[in-house]
Amino acid sequence: MATVALDSKRTKEHMKIRINRRGWAVLVGVPVFILTIAAAFLVSIFTSSAQASSTLPQGIETVAVTVIPGDSLWDLAREYAVGYDVNAAMEHIAEINALDSSEIRVGDTLDIPVLAN
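Just so you know, we're using our numbering here: the sequence shown kicks off at 13 and counts up by one.
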């Protein structure tokens, strides 16, 4: 509470606070904005249609292939992904086997997905 004494003979009076339009906008607008954002967040949480599946996902059928001299990821993808895009099959093989590149070494055992036509 602010008080001011303008004259030593006058008693102390309470100071009136004046708020202009911009002040009212900030005083009222900021809390309304925050409450609107919070309400939108809560509504989006409770109305979300994302749900966890109650069934377990089926595994991908794979074949374990040991790399021999002369094999490349391209050759393996072409051999096992008959009728499919070879580049997509190579990416899928790399993803399943956590390969950083398309380089494979002799003696490595790779899980190759069996794609049904």
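Here a beta-carbon is modelled for each residue, glycine too, at the ideal position from N, C-alpha and C.
Return the chain-ordered list of same chain residues with a C-beta closer than 7 Å to the C-beta of Ala89, the five sequence neighbours on each side being excluded.
Position 77 of the sequence shown, counted from the start, is the residue given in the question as residue 89. The answer, listed in chain order, is Val98, Ala101, Met102, Ile105.
With DSSP collapsed to three states, give me the class of Asp87.
Taking the first residue of the sequence shown as position 1, residue 87 is located at position 75. Asp87: helix per DSSP, three-state reduction.
State the CB to CB distance for the pair Asp120 and Val79, rounded to an integer number of angstroms; the pair is presumed to be in contact (CB under 8 Å).
Counting from one through the sequence shown, the residue named residue 120 turns up at place 108. Counting from one through the sequence shown, the residue named residue 79 turns up at place 67. The C-beta separation of Asp120 from Val79 comes to about 5 Å, placing the pair in contact by the 8 Å criterion.
Per DSSP, what kind of secondary structure is Leu121 in: helix, strand or coil?
To locate residue 121, count along the sequence shown from 1; it is residue 109. Strictly speaking, residue 121 in this sequence is Thr, with Leu absent from that position. Correct three-state label for Thr121: strand.
From Trp36, Val40, Val118, pick the residue whose C-alpha is nearest to that of Pro81; which is it?
In the sequence shown, counting from the first residue as 1, residue 81 sits at position 69. With distances taken between Cα atoms, Pro81 lies closest to Val118.
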